[in-house]
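Following: one structure in C-alpha coordinates, then a few remarks.
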(Lines of atoms letter the chains of each structure in order from A and count residues from 1; the text may use other names and numbers.)
(Lines give C-alpha, C1' and ligand atoms only; values in the text may rest on other atoms or scores of the structure.)
Protein backbone atom coordinates (compact mmCIF):
# COMPACT_ATOMS: atom_id res chain seq x y z
CA UNK A 1 0.00 0.00 0.00
CA UNK A 2 1.38 3.39 -0.94
CA UNK A 3 0.43 6.84 0.24
CA UNK A 4 -1.01 9.16 -2.42
CA UNK A 5 1.33 12.04 -3.18
CA UNK A 6 -1.35 14.58 -2.29
CA UNK A 7 -1.32 13.27 1.30
CA UNK A 8 2.40 13.86 1.80
CA UNK A 9 1.98 17.57 2.64
CA UNK A 10 -0.76 17.00 5.24
CA UNK A 11 1.33 14.19 6.75
CA UNK A 12 4.42 16.40 6.91
CA UNK A 13 2.40 19.22 8.46
CA UNK A 14 0.90 16.92 11.11
CA UNK A 15 4.36 15.57 11.96
CA UNK A 16 5.57 19.18 12.26
CA UNK A 17 2.66 19.90 14.61
CA UNK A 18 3.69 16.97 16.78
CA UNK A 19 7.26 18.26 16.79
CA UNK A 20 6.00 21.71 17.79
CA UNK A 21 4.00 20.14 20.62
CA UNK A 22 7.10 18.32 21.85
CA UNK A 23 9.19 21.49 21.60
CA UNK A 24 6.56 23.41 23.57
CA UNK A 25 6.92 21.01 26.49
CA UNK A 26 10.70 20.76 26.28
CA UNK A 27 11.28 24.51 25.94
CA UNK A 28 9.04 25.41 28.86
CA UNK A 29 10.47 22.65 31.03
CA UNK A 30 13.96 23.98 30.40
CA UNK A 31 12.95 27.63 30.85
CA UNK A 32 11.29 26.97 34.19
CA UNK A 33 14.05 24.62 35.34
CA UNK A 34 16.76 27.22 34.73
CA UNK A 35 14.64 30.06 36.11
CA UNK A 36 13.82 28.25 39.35
CA UNK A 37 17.41 27.03 39.66
CA UNK A 38 18.63 30.62 39.28
CA UNK A 39 16.15 31.82 41.93
CA UNK A 40 17.14 28.96 44.22
CA UNK A 41 20.80 29.98 44.01
CA UNK A 42 19.90 33.65 44.39
CA UNK A 43 17.48 33.33 47.33
CA UNK A 44 18.53 30.04 48.89
CA UNK A 45 16.97 26.61 48.74
CA UNK A 46 14.99 27.16 51.96
CA UNK A 47 13.33 30.40 50.76
CA UNK A 48 9.64 30.35 51.73
CA UNK A 49 8.42 33.64 50.24
CA UNK A 50 7.25 34.47 46.77
CA UNK A 51 8.88 36.21 43.85
CA UNK A 52 7.72 37.57 40.53
CA UNK A 53 8.82 36.99 36.97
CA UNK A 54 8.34 38.61 33.62
CA UNK A 55 5.45 37.34 31.47
CA UNK A 56 8.02 37.09 28.66
CA UNK A 57 9.28 33.89 30.27
CA UNK A 58 6.28 32.13 28.72
CA UNK A 59 6.85 33.42 25.16
CA UNK A 60 8.65 30.28 23.90
CA UNK A 61 5.71 28.14 25.01
CA UNK A 62 3.18 30.53 23.47
CA UNK A 63 5.14 30.53 20.21
CA UNK A 64 5.21 26.75 19.93
CA UNK A 65 1.55 26.50 21.02
CA UNK A 66 0.30 28.86 18.30
CA UNK A 67 2.61 27.27 15.73
CA UNK A 68 1.14 23.88 16.64
CA UNK A 69 -2.43 25.20 16.33
CA UNK A 70 -1.66 26.74 12.95
CA UNK A 71 -0.03 23.57 11.67
CA UNK A 72 -2.93 21.37 12.79
CA UNK A 73 -5.40 23.72 11.11
CA UNK A 74 -3.36 23.73 7.88
CA UNK A 75 -3.06 19.94 7.98
CA UNK A 76 -6.81 19.51 8.40
CA UNK A 77 -7.51 21.95 5.59
CA UNK A 78 -5.23 20.06 3.20
CA UNK A 79 -6.68 16.76 4.35
CA UNK A 80 -10.19 18.14 3.78
CA UNK A 81 -9.24 19.20 0.25
CA UNK A 82 -7.94 15.69 -0.43
CA UNK A 83 -11.12 14.06 0.91
CA UNK A 84 -13.31 16.47 -1.07
CA UNK A 85 -11.41 15.63 -4.27
CA UNK A 86 -11.80 11.91 -3.59
CA UNK A 87 -15.54 12.30 -3.05
CA UNK A 88 -15.86 14.26 -6.31
CA UNK A 89 -14.00 11.50 -8.17
CA UNK A 90 -16.33 8.81 -6.83
CA UNK A 91 -19.59 10.64 -7.58
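Numbering (the working numbering), first residue to last: 897 to 987. Where a beta carbon is used, it is the ideal one built from N, C-alpha and C, also for glycine. The model shown is predicted, which means the values in this text are computed figures rather than measured ones.
Checklist entry - How would you label residue 916, buried or exposed, when you count the other beta carbons within 10 angstroms and need 16 or more for buried? => result Burial call: buried.
Checklist entry - Quick one, are the C-beta atoms of residue 920 and residue 961 less than 9 Å apart? => result Result yes, Cβ atoms of residue 920 and residue 961 sit closer than 9 Å.
Item to check | Classification of residue 971 by the beta-carbon crowding that lies within 10 angstroms, buried from 16 upward | outcome: Using a 10 angstroms sphere on the CB of residue 971, the tally of other CB atoms reaches 16 or more, which defines it as buried.
Checklist entry - In terms of residue numbering, what span does the alpha helix (DSSP H) encompassing residue 945 cover? => result First-last for residue 945: undefined, no H or E at that position.
Checklist entry - Just reading off the alpha helix (DSSP H) that residue 912 is part of, what are its end residues? => result Segment 904 to 939, the alpha helix (DSSP H) holding residue 912.
Item to check | Secondary structure of residue 962, DSSP reduced to three states | outcome: Of the three classes helix, strand and coil, the one that applies to residue 962 here is helix, per DSSP.
Next on the checklist: Classify residue 913: buried if its beta carbon has 16 or more other beta carbons within 10 angstroms, exposed otherwise.
Outcome noted: Flag for residue 913 reads buried.
Next on the checklist: Is the separation between the beta-carbon of residue 930 and that of residue 949 shorter than 9 Å?
Outcome noted: No, the pair does not count as a contact, with Cβ atoms beyond the cut-off.
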